[in-house]
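The opening residue of the sequence shown carries number 2 in the working numbering; numbering runs sequentially from there.
Don't be surprised by glycine CBs; every beta carbon is placed ideally from N, CA and C.
In this text the structure is predicted, and so the values were computed from the model without any measurement.
Everything on this sheet refers to the single structure shown next.
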Amino acid sequence: MRRRGLLAAVVGGLLSILMLGAPAFADAGADTGGSIDPLILDVMAEVPGGVIVDAQHAVWPRLGMDLVVLEQRSAVSAASVGSCATGTVCVYTGSSLSGAKLSWSICGILSIPSSFSAKSIADARSAGYAQARNNSTVLATAPAGGWANIAGTATNVRCVF
Numbered sequence: 002m003r004r005r006g007l008l009a010a011v012v013g014g015l016l017s018i019l020m021l022g023a024p025a026f027a028d029a030g031a032d033t034g035g036s037i038d039p040l041i042l043d044v045m046a047e048v049p050g051g052v053i054v055d056a057q058h059a060v061w062p063r064l065g066m067d068l069v070v071l072e073q074r075s076a077v078s079a080a081s082v083g084s085c086a087t088g089t090v091c092v093y094t095g096s097s098l099s100g101a102k103l104s105w106s107i108c109g110i111l112s113i114p115s116s117f118s119a120k121s122i123a124d125a126r127s128a129g130y131a132q133a134r135n136n137s138t139v140l141a142t143a144p145a146g147g148w149a150n151i152a153g154t155a156t157n158v159r160c161v162f
């Protein structure tokens, strides 16, 4: 009986180390190897609660945050701003809406992980505006349905209705 309890404790400890020490995957069969984009791994390490969807996509359901490392070409819908989907606010690692994309489906003051270097911002909502800021200093403002390049180091996005 004592042995069984010890074995259960060891197995439980190993499982908790594995679960807490590694990022979550949306699909149990998801690739856990070296093919996951390094930016996704960096942001996963910095922002808890993320789920890796595939090698180029991760989500943080509780934060309403979505990270997609874009390929060179992407489909664009008529109501979006670049690759920023309708109803969301996005920041990109490249100027003019290029590079990897981090998006939010909620509004407020939204932290940008320090491992994500935002160079442009898009507001694909029908009203309001979104600001890329360094603490409280506004670096760029994107009106609803528009975008702007960011000059400086953005630490957060302020989404205003």
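Buried versus exposed call for residue i [16 or more other C-beta atoms within 10 Å across all chains shown]
i: residue 41; result: buried
i: residue 62; result: exposed
i: residue 86; result: buried
i: residue 133; result: buried
i: residue 50; result: exposed
i: residue 84; result: buried
i: residue 59; result: buried
Three-way DSSP call (helix, strand, coil) for residue i in this model
i: residue 143; result: strand
i: residue 155; result: coil
i: residue 164; result: Residue 164 lies beyond the stretch modelled for the chain, which goes from 2 to 162, so this question has no answer here.
i: residue 103; result: strand
i: residue 92; result: strand
i: residue 97; result: helix
i: residue 121; result: strand
i: residue 17; result: Caution applies to residue 17, whose pLDDT of 36 falls short of 50 and renders its modelled position unreliable; the model cannot decide the point.
i: residue 128; result: coil
i: residue 135; result: strand
i: residue 110; result: strand
Option in the options with minimal Cα separation from residue i
i: residue 129; options: 147, 135, 71, 139; result: 147
i: residue 115; options: 132, 54, 45, 37; result: 45
i: residue 144; options: 161, 118, 152; result: 161
i: residue 37; options: 64, 47, 70; result: 70
i: residue 43; options: 138, 118, 158; result: 118
i: residue 104; options: 89, 138, 82, 154; result: 89
i: residue 54; options: 68, 92, 150; result: 68
**Validate contact between the stretch 98 to 110 and the stretch 118 to 126 using beta carbons, cut 8 Å, 3 pairs** = Touching, per the Cβ criterion.
**Message:** What ranges does the alpha helix (DSSP H) occupy inside the stretch 39 to 73, keeping only unbroken runs of at least 4 residues that lie completely in it?
**Reply:** 39 to 47
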